[in-house]
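Just below is one structure, and these are the notes that go with it.
Chains as they are written, first to last, in this note's numbering: chain X, 936 to 1111; chain W, 5 to 512.
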């Protein structure tokens, strides 16, 4: 283990450097996410993830946000274990009828102010599962949604970009 | 001497043979099969319903012969298999919830998928109105001095799927775990009914997100078996490439995540990086990080080009460079081994009884691997080992994954070296003799990273009349209840992650 840790001291980090200037969207994301988050939420935004019926594909990519390449915590974004610790609910899946109540209870447990991000095509309108006897539909059918991030599943970069858009809305609502 | 399956099928009309025989049997023979399952002479691959019929897929473990037996039950009652052979219990509860089929003698008649939240009962059978009031789910009673219960879920603390775990503990020790699943039931088999092949393969690829390749693979092969369609060679090899990339990415993720649940975050950080390199290579090669919607009935939807090959080779080189040090780290860290060795032991007899597949079965002495046992192309033409251990603990499940990572690296190299040229997709065309009302059946089993995925379907006029998708976790989840017994509550996440069963795959 010592050897591995020692190597890490000298090897350049996996974490991708602040994106190059020509990568406009991602650069904007890295800088303004930091600024907006700091101003509004004191450098941190706590996210609670809820799978309300997904196939688990979105969860895999949300996990990837935590790997060394994306290192979501450097932006002040952190996944927490309890809705009571959260500012944001990230909800995946078409909401199944069997998860509707649990989702509602989880939302109610998040202290205000709070925001909801619906992740994936299913979170928008039920996606390819819409119309089933067992599915309610998109997340907005059950709790108010502030932002949809499309994709099946969305890439980690798309999710970072979506979280930025949310922060800007949060920020403008606070100053407006 | 005729095999057991031959004897069961003897004299029966074979309804379909694509590629395994299906025969309708009477209640007497159905009970005989249930008894053979209970005696361990056959393994249960699946049990599923139709509005007035119940099917059972069985395998002779010694000869790898597979068959489906079907029992017509116009009054929607059939003799329970679960009463003799517990692996069928949840399957029979599911057939009741979805089709209203009653397994006579079933010792556990509580609903499984139906949580009283749908507007209907028996949504895939003869529908009736939902019950006016929902009744609370009765967990199995546990009696004893100073036992207490811990209820967890359906919303869990991590970024994982929902399900409910009811622990009964005595101090720190788990006396009993009872699972209650069904929270992410989306009604996929209902959506399948009447779907075109394009729509159906899209749904199949969304049964369990981490196994999207394995499901699209199994579905497409089942559809091809029904249609008498042969995928071109290049597609056959590309499918195996996709399957091995999926296995590689998932195993790398799991190895780190298991260690992370033993609070050893360093391993998780490193294997997450390796997993990411595989996903990025997959994205370059196939245009999607999870390789979704690439496998389709008839072949594959897209080809690999030189930059795709290079990306995959680069990812493999990187893993070959870094993975051995991580394996050594796992092997040499006593504090980590202290958590994983002898924890969550699954006895080989149970793995055998449940015909448990994947790393769970292979860490407990059951050598079944669909790639080897069923030897479908191109795996019959590739060199690889199927690692098997008998310890059955968390550590053994880690080691099986480590060895399978190594095997997948080798398989991917072999496939890229020998990838045949040619067409990507055979045209899905109605057969020459096609006529209105034509019925075609097919079944396929593929080896996903988690174990064997089974898909059975029947087409009528080229649309899905009935499709059943059986996740490997049907026969793995119940074993977690057994493996956790006597362990401390704090080791549950570790045991659970070492199983890494699918919720969405079994909830459907």
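Beta carbons: idealized from backbone N, C-alpha and C, even for Gly.
Beta-carbon gap between residue i and residue j smaller than 8 Å
i: residue 302 of chain W; j: residue 476 of chain W; result: no
i: residue 369 of chain W; j: residue 352 of chain W; result: yes
i: residue 456 of chain W; j: residue 374 of chain W; result: yes
i: residue 7 of chain W; j: residue 1003 of chain X; result: no
i: residue 989 of chain X; j: residue 1086 of chain X; result: no
i: residue 38 of chain W; j: residue 81 of chain W; result: no
i: residue 4 of chain W; j: residue 180 of chain W; result: There is no way to answer for residue 4 of chain W, as the model of chain W reaches only from 5 to 512.
i: residue 343 of chain W; j: residue 498 of chain W; result: yes
i: residue 83 of chain W; j: residue 31 of chain W; result: yes
i: residue 507 of chain W; j: residue 165 of chain W; result: yes
i: residue 185 of chain W; j: residue 510 of chain W; result: yes
i: residue 479 of chain W; j: residue 358 of chain W; result: yes
i: residue 216 of chain W; j: residue 306 of chain W; result: no
i: residue 3 of chain W; j: residue 229 of chain W; result: One cannot answer for residue 3 of chain W here, as it falls past the ends of chain W, which runs 5 to 512.
i: residue 403 of chain W; j: residue 183 of chain W; result: no
i: residue 299 of chain W; j: residue 246 of chain W; result: yes
Under the three-state DSSP convention, the category residue i falls into
i: residue 68 of chain W; result: coil
i: residue 308 of chain W; result: coil
i: residue 154 of chain W; result: strand
i: residue 223 of chain W; result: helix
i: residue 146 of chain W; result: coil
i: residue 1014 of chain X; result: strand
i: residue 458 of chain W; result: strand
i: residue 378 of chain W; result: coil
i: residue 200 of chain W; result: coil
i: residue 998 of chain X; result: helix
i: residue 390 of chain W; result: coil
i: residue 1042 of chain X; result: helix
i: residue 174 of chain W; result: strand
i: residue 949 of chain X; result: coil
i: residue 432 of chain W; result: coil
i: residue 273 of chain W; result: helix
i: residue 61 of chain W; result: strand
i: residue 487 of chain W; result: helix
i: residue 961 of chain X; result: For residue 961 of chain X, the predicted model reports a pLDDT of 40, less than 50, meaning its position is unreliable; a value from the coordinates is still stated below. Here residue 961 of chain X sits in helix by DSSP.
i: residue 409 of chain W; result: helix
i: residue 166 of chain W; result: coil
i: residue 1083 of chain X; result: strand
i: residue 956 of chain X; result: Note that residue 956 of chain X scores 32 on pLDDT, short of 50, meaning its location in the model is unreliable; the coordinates nonetheless yield the value given after this. Reduced to three states, the DSSP call for residue 956 of chain X is coil.
i: residue 74 of chain W; result: strand
Same chain, Cβ closer than 7 Å to residue i, neighbours up to 5 away in sequence not counted
i: residue 964 of chain X; result: Any reading at residue 964 of chain X must be qualified, since the residue scores a pLDDT of 39, below 50, and its modelled position is unreliable; the value itself is stated next. For residue 964 of chain X, where only same-chain residues beyond five positions count, the Cβ hits under 7 Å are 1095, 1096, 1099.
i: residue 42 of chain W; result: 88, 89
i: residue 196 of chain W; result: 204, 207, 468, 471
i: residue 1058 of chain X; result: 1026, 1027, 1028, 1073, 1074, 1083
i: residue 1034 of chain X; result: 987, 988
i: residue 288 of chain W; result: 311, 312, 315
i: residue 142 of chain W; result: 114
i: residue 333 of chain W; result: 271
i: residue 122 of chain W; result: 134
Proximal residues of chain X, C-beta to C-beta of residue i below 7 Å
i: residue 190 of chain W; result: 988, 1029, 1031, 1064, 1067, 1069, 1070
i: residue 119 of chain W; result: 1033
Contacting residues, own chain, Cβ-Cβ under 6 Å from residue i (five flanking each side not counted)
i: residue 1018 of chain X; result: 983, 1041, 1044, 1045
i: residue 484 of chain W; result: 503
i: residue 346 of chain W; result: 397
i: residue 61 of chain W; result: 49, 50, 72
i: residue 95 of chain W; result: 51
i: residue 128 of chain W; result: 102, 103, 194
Contact set between residue i and chain X, taken where Cβ atoms lie within less than 8 Å
i: residue 500 of chain W; result: Going along chain X, no residue has its Cβ under 8 Å from residue 500 of chain W, so there is no contact; the nearest lies around 14 Å.
i: residue 123 of chain W; result: 1068
Chain-ordered neighbours of residue i on chain W, where CB pairs are closer than 8 Å
i: residue 1034 of chain X; result: 158, 166, 187, 188
i: residue 936 of chain X; result: 270, 333, 336, 337
i: residue 994 of chain X; result: 163, 164, 165, 213
Own chain partners of residue i with C-beta closer than 8 Å, once the 5 adjacent residues on each side are dropped
i: residue 124 of chain W; result: 131, 132, 133, 134
i: residue 178 of chain W; result: 171, 172, 488, 489, 490, 491, 492, 493, 496
i: residue 74 of chain W; result: 19, 26, 27, 28, 29, 57, 58, 59, 60
i: residue 1062 of chain X; result: 1029, 1055, 1056, 1087
i: residue 431 of chain W; result: 302
Amino acids of chain X, ordered along the chain, whose beta-carbon sits closer than 9 Å to that of residue i
i: residue 515 of chain W; result: In the structure as shown, chain W starts at 5 and stops at 512, and residue 515 of chain W therefore has no counterpart that could be examined.
Residues that residue i contacts on chain W, provided the C-beta gap is smaller than 7 Å
i: residue 949 of chain X; result: 277
Would you be able to state if there are at least three C-beta pairs under 8 Å between the segment 407-416 of chain W and the segment 248-256 of chain W?
-> yes
Spell out a yes or no on whether the segment 256-265 of chain W and the segment 444-452 of chain W are touching, meaning 3 or more CB-CB pairs, one atom from each, closer than 8 Å.
-> no
Counting pairs of Cβ atoms below 8 Å between the segment 216-223 of chain W and the segment 410-428 of chain W, do you hit three or more?
-> no
Give a yes or no on contact between the segment 441-448 of chain W and the segment 488-507 of chain W, applying the rule of three or more CB pairs nearer than 8 Å.
-> no
Would you say the segment 291-306 of chain W touches the segment 316-326 of chain W, given that touching needs at least three Cβ pairs under 8 Å?
-> no
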